[in-house]
Amino acid sequence: MTDTKPNSPQMESPSYRLPALDQDFLLSDSMRGVRFLLEYAKAEMALRQWGVRSTIVVFGSARIGEGGEGHHANWYDQARAVGRIVSERGGALVTNGTFRDNVIATGGGPGIMAAANRGAADVGAPSIGFNITLPHEQEPNAYSTPELTFRFHYFAMRKMHLAMRANALIVFPGGFGTFDEMFELLTLRQTGKAPPIPIVLFDSAYWKRVINFEALIEEGMIARKDLDLFVYAETAEEVWQKLTDAGVGLHAGEQASDGP
């Protein structure tokens, strides 16, 4: 005979599980809003603990590797240099009590994202990786700060975190994913839903070849003044110059420290 308590059916029922410990409940359709909130809150808490007040977001292709063919090697090297220069000069190494500014943030994956995170790691600066779960598993690169490496299910929440602390956006050559992220930020700027942050497109020849902005103007799809929402740069140093021209950099009176 089994020693069954009279109330065993009640205690074993899924309805009796604590909601916070009931995975079936948390993953149900009705809890999608709660999962959105959790993805927001978990990353937000970690960023606040690290004192990340603002970021410089770097977008670009996951298919660009170190030593790659054609322009790929240069794009990778320049993205790495951007990560280093921004981290050294922008405030990521400034303790400033509890705040860090202009911390490199990427989508957390390989390619240009890894290069930018790597540049920050080269100088001992923290950097952020907002990774995303994909059907074919995408692992985080090895250079983002482990405590600032996050995994998202929802693209929308990932994009929100990429945008909400951004002091600037640097867009290296890329494909559909890079276009999606870039045009999201351009639309937010165009419609006044985001503050006037500088947007720098790296390698003007690439961008002018793959996107005919003039045709959009000719067909009345955008206004000519919309082209003022972004500028071009050809080197990592020029990227930094464009950012400083727009007022991005150390806050008055702050000095870089020797480490994070």
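Residue numbers (our numbering): 7 to 266.
By construction, the Cβ of each residue, glycine as well, lies at the ideal position given by its N, Cα and C atoms.
Just so it is clear, the structure is predicted and the values come from calculations on it, not from any experiment.
**OP:** Consult DSSP for Phe105 and reduce its assignment to one of helix, strand or coil.
**Re:** Note: Phe105 maps to coil in three-state DSSP.
Original post:
How is the alpha helix (DSSP H) around Tyr271 delimited, first residue to last?
Top reply: The structure shown does not extend to residue 271, since the chain is modelled only from 7 through 266, so no value can be given for it.
Original post:
In terms of DSSP beta bridges, what is Ala174 paired with?
Top reply: Answer is Ile62.
Original post:
In angstroms, rounded to a whole number, what distance separates the CA positions of Val63 and Asn173?
Top reply: A direct Cα-Cα distance of roughly 8 Å separates Val63 from Asn173.
Original post:
What do you get for Pro202, buried or exposed, if any count of 16 or more other CB atoms within 10 angstroms of its CB means buried?
Top reply: Exposed: under 16 other Cβ atoms inside 10 Å.
**OP:** Would you mind sorting Leu27 into buried or exposed? The rule is 16 or more other CB atoms within 10 Å of its CB.
**Re:** Exposed, because fewer than 16 other Cβ atoms sit within 10 Å of the Cβ of Leu27.
Subject >> Reduced DSSP secondary structure (H/G/I, E/B, other) of Leu2 >> reply: The structure shown has nothing for residue 2, since the chain only spans 7 to 266.
Subject >> Contiguous alpha helix (DSSP H) assignments of at least 4 residues, all confined to the segment 178-203 >> reply: Correct list: 182-196.
Original post:
With a CB to CB cut of under 6 Å and the five nearest residues on each side skipped, what residues in its chain are close to Ala200?
Top reply: The answer, listed in chain order, is Leu194.
Original post:
What's the gap between the Cα of Trp213 and the Cα of Ile223?
Top reply: For Trp213 and Ile223, the gap between their C-alpha atoms comes out near 16 Å.
Subject >> Three-state class that DSSP yields for Ala111 in the structure shown >> reply: Ala111 falls in the strand class under three-state DSSP.
**OP:** Evaluate Thr10 with the Cβ neighbour count: other Cβ atoms within 10 Å of its Cβ, from every protein chain shown; 16 or more gives buried, anything less gives exposed.
**Re:** Looking at its Cβ environment, which holds fewer than 16 other Cβ atoms inside 10 Å, Thr10 is exposed.
**OP:** State yes or no: is the C-beta of Ala85 within less than 8 Å of the C-beta of Phe178?
**Re:** Going by C-beta atoms, Ala85 is nearer than 8 Å to Phe178.
**OP:** Could you check if Thr139 is buried or exposed, using at least 16 other CB atoms within 10 Å of its CB as the buried criterion?
**Re:** Exposure of Thr139 is indicated by the presence of fewer than 16 other C-beta atoms within 10 angstroms of its C-beta.
**OP:** Output the distance between the C-alpha atoms of Tyr46 and His167, rounded to the nearest integer angstrom.
**Re:** So the alpha carbons of these two residues sit roughly 8 Å apart.
Subject >> Assigned secondary structure, Phe219 (DSSP; H/G/I helix, E/B strand, else coil) >> reply: In the structure shown, the three-state DSSP call for Phe219 is helix.
**OP:** Count the other C-beta atoms from every protein chain shown that fall within 10 angstroms of the C-beta of Asp209, then say buried if there are 16 or more, exposed otherwise.
**Re:** Flag for Asp209 reads buried.
Subject >> Cβ pair Gly183, Phe156 closer than 8 Å >> reply: Taking 8 Å as the cut-off, the beta carbon of Gly183 is found no closer than this to the beta carbon of Phe156.
**OP:** Can you give me the Cβ contacts of Glu94 inside the same chain, cut-off strictly under 6 Å, excluding the 5 residues immediately before and after it?
**Re:** Here the set comprises Val129.
Original post:
Taking the runs of the beta strand (DSSP E) that are 3 residues or longer, which of them lie wholly in the segment 224-256?
Top reply: Runs found: 237-239.
Subject >> CA nearest to the CA of Met163, picked from Gln16, Ser21 and Leu44 >> reply: Closest in alpha carbon position to Met163, among Gln16, Ser21 and Leu44, is Leu44.
Subject >> Length of the line joining the Cα atoms of His77 and Arg90 >> reply: Approximately 20 Å between the Cα atoms of the pair.
**OP:** In the DSSP assignment, find the beta strand (DSSP E) that holds Arg157 and state where it starts and stops.
**Re:** Residues Thr155 to Phe158.
**OP:** Figure out for me which residue from Asn123, Arg230 and Ile118 has the closest Cα to the Cα of Gly71.
**Re:** With distances taken between Cα atoms, Gly71 lies closest to Ile118.
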